[in-house]
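Protein chains in written order, with the UniProt record's numbering: chain E, 1 to 171; chain U, 1 to 171; chain D, 1 to 171; chain R, 1 to 171; chain S, 1 to 171; chain X, 1 to 171; chain A, 1 to 171; chain G, 1 to 171. One structure is given here, and the rest of the page talks about it.
There are 8 protein chains.
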Amino acid sequence: MNPQVGIIMGSQSDLPIMAEAAQMLEEFGVNYELTVVSAHRTPQRMIDYAQSARERGIKVIVAGAGGAAHLPGMVASMTSLPVIGVPIKSSNSIDGWDSILSILQMPAGIPVAAVALNGGKNAGILAASIVGSFDAKVAESLDVYKKTLKEKVEESAALLEAKGWKEILKK
Amino acid sequence: MNPQVGIIMGSQSDLPIMAEAAQMLEEFGVNYELTVVSAHRTPQRMIDYAQSARERGIKVIVAGAGGAAHLPGMVASMTSLPVIGVPIKSSNSIDGWDSILSILQMPAGIPVAAVALNGGKNAGILAASIVGSFDAKVAESLDVYKKTLKEKVEESAALLEAKGWKEILKK
Amino acid sequence: MNPQVGIIMGSQSDLPIMAEAAQMLEEFGVNYELTVVSAHRTPQRMIDYAQSARERGIKVIVAGAGGAAHLPGMVASMTSLPVIGVPIKSSNSIDGWDSILSILQMPAGIPVAAVALNGGKNAGILAASIVGSFDAKVAESLDVYKKTLKEKVEESAALLEAKGWKEILKK
Amino acid sequence: MNPQVGIIMGSQSDLPIMAEAAQMLEEFGVNYELTVVSAHRTPQRMIDYAQSARERGIKVIVAGAGGAAHLPGMVASMTSLPVIGVPIKSSNSIDGWDSILSILQMPAGIPVAAVALNGGKNAGILAASIVGSFDAKVAESLDVYKKTLKEKVEESAALLEAKGWKEILKK
Amino acid sequence: MNPQVGIIMGSQSDLPIMAEAAQMLEEFGVNYELTVVSAHRTPQRMIDYAQSARERGIKVIVAGAGGAAHLPGMVASMTSLPVIGVPIKSSNSIDGWDSILSILQMPAGIPVAAVALNGGKNAGILAASIVGSFDAKVAESLDVYKKTLKEKVEESAALLEAKGWKEILKK
Amino acid sequence: MNPQVGIIMGSQSDLPIMAEAAQMLEEFGVNYELTVVSAHRTPQRMIDYAQSARERGIKVIVAGAGGAAHLPGMVASMTSLPVIGVPIKSSNSIDGWDSILSILQMPAGIPVAAVALNGGKNAGILAASIVGSFDAKVAESLDVYKKTLKEKVEESAALLEAKGWKEILKK
Amino acid sequence: MNPQVGIIMGSQSDLPIMAEAAQMLEEFGVNYELTVVSAHRTPQRMIDYAQSARERGIKVIVAGAGGAAHLPGMVASMTSLPVIGVPIKSSNSIDGWDSILSILQMPAGIPVAAVALNGGKNAGILAASIVGSFDAKVAESLDVYKKTLKEKVEESAALLEAKGWKEILKK
Amino acid sequence: MNPQVGIIMGSQSDLPIMAEAAQMLEEFGVNYELTVVSAHRTPQRMIDYAQSARERGIKVIVAGAGGAAHLPGMVASMTSLPVIGVPIKSSNSIDGWDSILSILQMPAGIPVAAVALNGGKNAGILAASIVGSFDAKVAESLDVYKKTLKEKVEESAALLEAKGWKEILKK
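Structure (structure tokens):
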């Protein structure tokens, strides 16, 4: 089956964050493709990627970038697919504000769906939830995941209550 | 046909912003419902809304709120549908930072798709693009809209070039 | 005697901060309970906790959370007990601003009492001071604590004045 | 009956914000006193106020101030009563950040309970909730208030759903 | 003579700011062209503009945009001409931070020369100074302008010293 | 008697703020001079001013400027007199942060004494307090002023307590 | 000779920063005293210190504190001596903003002279420059210091120019 | 051939950042000079440098500084050459905001071309692009560089696609 989600990033140095999106999509059984596309260093490659995405069967694009992060917004300007933007805290970032605002504050008419700073994992889950809106099986996987999250908290709470915080903190 | 997008807001004072989402959905031929649901004043109503959304046929939830804006994130915690969060600049807002960060910085596991401050319009377009991922007719409307945006800029540019900026600014 | 203060946190990773609240309550002789309750991963557990707190004898709730920190505000929306919020600086936090603003900027009608970033210790003292408003023994412990703080500063000042800063900094 | 809540503010210009605290306390049937006490212009008055509060029967102090807002923290340093700080956006304020941080970021040992910027109303409710922890009648009033908040949202939602947003926005 | 400076802006609403750049270039006798080019609404037009600029004789591009301001950086990615970016404070801007950071924080390899918020005038002078580096006549105009700035301050100072501040403020 | 305080500002538009410094100096009986000196438009004038100040009998320089406010720091680099910097919120200021940080964050070796945003009044008082350190008469005036501040607060408090806040707010 | 400068700090942990002020005063031959005075933990000690400073011969007070840094402003409220405030970046500081704003943004009437974050050294130089306004010998030392700063830069420049940056960076 | 670009920095500690500018100019075959010039410690040296630059054949000045970074703006005030400012994050910097705003927010009339925080590399490329506007050979080198950037991304993308992210991350 063709990939439904396209994961792109401005630089290979963003991979540790963006791989978390891929990992979540595997967990939910959603096919994806993943590559490097730089808005500033490979503008033509970005244009080709954005313009061909829908016809290649992509349903959602997840784009991560740092600093003056133009990739998510520029891709969104060239496709009508939903684009999820992942602000990445680059090495000379001003606490992440630069990538957050470059991705979040898109002008009226060209939306990008921003997630938290370095939020590769959430971008993957959000992409899956979009696919899951129209795919009952993926939706079900998401519900199972939510249940697991809940159970983990409950277990952790039970342990903490049973042992007491002094015991837990000792470890 | 049942609504595919649920638009909710924390207070009726958010309506001018959130109505822009509704307006865009009408433009793209996507059915929606719109109401007030407050995380802090009607928590049970919020829970009921979030938990019943999928079975009522909703595909995307658009939630707007200001200040310590918990509505989008709390709804996202109780459904696996994609939730779009609209940060609204409330009257005592600290320049909008409060609602932006309350919506954007969701913990790993529970994503919200944040749009720009007061970005009701973009939330509507993003919701339509999600529906359009799986509905060719909506996708087409989105492409028409993108083309219109382009043409408006081109016309404005042509006029500016023809008349010169001094003439335009006089008006 | 039943716990008078309920300490909850969004994740066990918040324990080192929140344990400081527990430690202070022990110092002031105030009974407490402590557990993990996640707004986003265990919303129902949070609802149950908030709604049952008063009848279980709880007088104050101390809730700590990081990032888009919804736990204190959501708990406050479901109880009329005073809720103290501890903003915790999570791993991908934007310098703590996210949790601070998510907790501080509550809308009119639903207050949360915010303390400093990572201020678990102060949350414990504040909780004790609330109990101490109506419990002379706790109030007395608080006064003793204040006196100890004062004496420690005076001793440190006396030492510094006696030895001189060059001697002190050598160590 | 003696006042249980002491409302103070750094300047009479803060009165419109701080009067909202008084108004809420009246709604909940909690006695209060209200006056001007400036940390910087009347330090001795502040000291006297803080040191005599408990013996005068005060259970909670609500202190509002703008700019480099030292009043709440300094009062907290001289009493072991709970002190609620209201950051007020003064005329040359840097978007309110100055008063927020001056009140919120108290050092370990001396807590202040900060509410939202200009949050006089929430300060009043929080003070009542502290009194209500030990006074069933006040607690009941708080529950009634919460219910009213809920009903107002529900009414507003019902109206919006019945009339539609276009009709509502026309007004 | 062909235009040496190309002034572009993301939207005609940016014209009042960007016209100041044009005005300064006229003052220094530098030919320019001015039009609207939107990164997000007319990406192809932007690509064409950027890629043809050098061969059309342009020496410097001045690009203004607001919000998530991608125009200056994207143009810089497709030409090796110097690109001056003017951050414009749009209507839903977060105090201008969004456009400033989107323009300033370009990744290594693709520089943009950022000027102050709404700094259309300075962008025009900077463009002229670049032309003036290789054109003695323009350099001379710039020196004359600098002298005029100086004289205006001196006159204003002389007047103030002569009349006194009370007299001046009366007006 | 020669002026002891030199008040300078980067532009005549700063006069309303800087005149407050002059007014306070008059109140304390401290002679001053006041003029416009621009770091960026009249650098030589600034150099002359700074280098001649001490020999002209000046004891303190008060320098106000907005935006990238270099005047106070540059003057401080060319005299060993104390320099008080007044950050002024200019028309395109980013909430005042630009002038505050340009004045406050001087490198080690070249201090500037920064006062609050638009704090012309406090700059005047601070200059007087420096003169007053070595002039008993000025010190006395400062003490009288402090007493007046105190009395005004006490009067305002007495009135508020006597009339009640409802009466006061009516006006 | 009696100390002319009083250096105080909120906590002994501030000593490494505040000792730099002492060191500079020694360099300029200005007598000083140095101790710990906490606004929040030893309010009475602070009051005594501030109120007795002038009669003890102190000409300038240098006060350093972190977080919600009330010490400089509160001391300034109780003396008419000039008070220099040193914002110190405490362990849970929000990037230093809290202490900066708590010290800088004093209300009209009660000035504090703020220096840069962690600017103990500059506080010492500023205190010396205030003393030097009325003491020719100290002024002379300051001029010597300024000359040394200049010479060090010139030497460093000469070396860099002679060796080239590649050679210098190798080390 | 004489240097066409003058690289200056406020302190030798800025060299690692500013050397990147030199390195890029070498890559593009542009002659440069590099030295230390401090606005605050060697104001006269700065004046001499700025005023003599054009007659010495300099076409562009690149000036880097940290904290209250006045060097780029003050140099720009004394020459009509284009000045590129590099904000450098100094040791006590407030996340870089101080140097960014001190350089970016220049008043109308005196532009500085700001690049990203610590953006020495981009400053070098920008300087080359200014030279390249009038020197075809340099322009060509810039185009080659842009092509290399593109190819590196393409290679990295090809490798990532071929090996898969799991393989890449293993390394």
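Idealized CB from N, CA, C, for every residue including glycine.
Within 9 Å of the CB of R/G109, the CB atoms of chain D belong to K121, N122, I125, Y145, K146 and L149, in sequence order along the chain. Spanning the alpha carbons of U/S91 and R/S91 requires a straight line of approximately 16 Å. Rounded to the nearest angstrom, the Cβ distance from X/N122 to X/A113 is 10 Å, too far for a contact under 8 Å.
Contact of S/L71 with chain G is not assigned, every C-beta pair being separated by 8 Å or more. Judged by DSSP in its simplified three-state form, G/G73 adopts helix.
In this structure X/G10 touches X/G64 by the C-beta definition: roughly 7 Å separates them, less than 8 Å. In its chain, beyond the 5 residues on either side, V83, I110 and V112 have a beta carbon closer than 6 Å to the beta carbon of D/A76.
Residue environment for U/V62: buried (at least 16 other C-beta atoms within 10 angstroms of its C-beta). Against chain A, the CB of R/D48 has no partner CB under 8 Å away; the residue lies outside that interface. Here DSSP, grouped into helix, strand and coil, assigns R/E151 to helix. Annotation: the continuous beta strand (DSSP E) that includes X/E33 extends over Y32 to V36. Rounded to the nearest angstrom, the Cβ distance from U/A21 to U/A127 is 7 Å, consistent with a contact under 8 Å. Scanning its chain for C-beta atoms nearer than 7 Å, with the 5 sequence neighbours on each side dropped, one finds around E/M24 the residues K121, G124, I125 and A128, in chain order. The region 28 to 36 of chain A and the region 144 to 158 of chain D touch, with three or more beta-carbon pairs separated by less than 8 Å. The continuous alpha helix (DSSP H) containing G/I125 extends over residues G120 to G132. Between R/V138 and R/V131, the CB-CB gap stays under 8 Å. Using a Cβ-Cβ cut-off of 8 Å, S/I168 counts as an interface residue toward chain X, since at least one Cβ of chain X sits closer than that to its own. Cβ atoms of S/I103 and S/A69 come within 8 Å of each other, at about 5 Å. In this structure, U/D98 places its C-beta atom within 8 Å of the C-beta atom of D/L101.
Per DSSP, the continuous beta strand (DSSP E) segment holding A/I88 begins and ends at V83 to I88.
For R/G96, the neighbours in chain U by C-beta distance under 7 Å run, in chain order, I94. For X/I94, the closest of G/I7, G/Q105 and G/N31 by C-alpha to C-alpha distance is G/Q105. Taking the beta carbon of G/G67 as reference, the chain X residues within 8 Å of it are Q105, M106 and P107, listed in sequence order.
With contacts defined as CB atoms closer than 8 Å, X/V5 and X/I58 qualify as a contacting pair.
The beta carbon of D/N2 is closer than 6 Å to those of G57 in its chain, skipping five residues each way along the sequence. Going by DSSP, A/M9 is part of the beta strand (DSSP E) stretching over V5 to M9. X/V60 sits in a strand when the DSSP states are folded into three classes.
Assigned with DSSP and collapsed to three states, R/A53 falls in coil, not helix or strand. Residue state for S/A113 is assigned as strand, using DSSP reduced to three classes. Of all residues in the region 29 to 61 of chain U, only E33, L34, T35, V36, V37, S38, H40, R41, T42, P43, Q44 and R45 place a beta-carbon less than 9 Å from a beta-carbon of chain R.
Chain D places a beta carbon closer than 8 Å to that of U/L101, counting this residue as a contact. DSSP places S/A108 outside both helix and strand once states are collapsed to three, so it counts as coil. Listed as beta-bridge partners of D/A65 by DSSP are D/P87. With the criterion set as a beta carbon lying under 7 Å from some beta carbon of chain R, the members of the region 5 to 26 of chain U are Q12, L15, P16, A19 and A22, in sequence order. Secondary structure at E/D98: helix, using DSSP grouped into helix, strand and coil.
Contact check for R/R45 against X/L149 fails: the beta carbons are separated by 8 Å or more.
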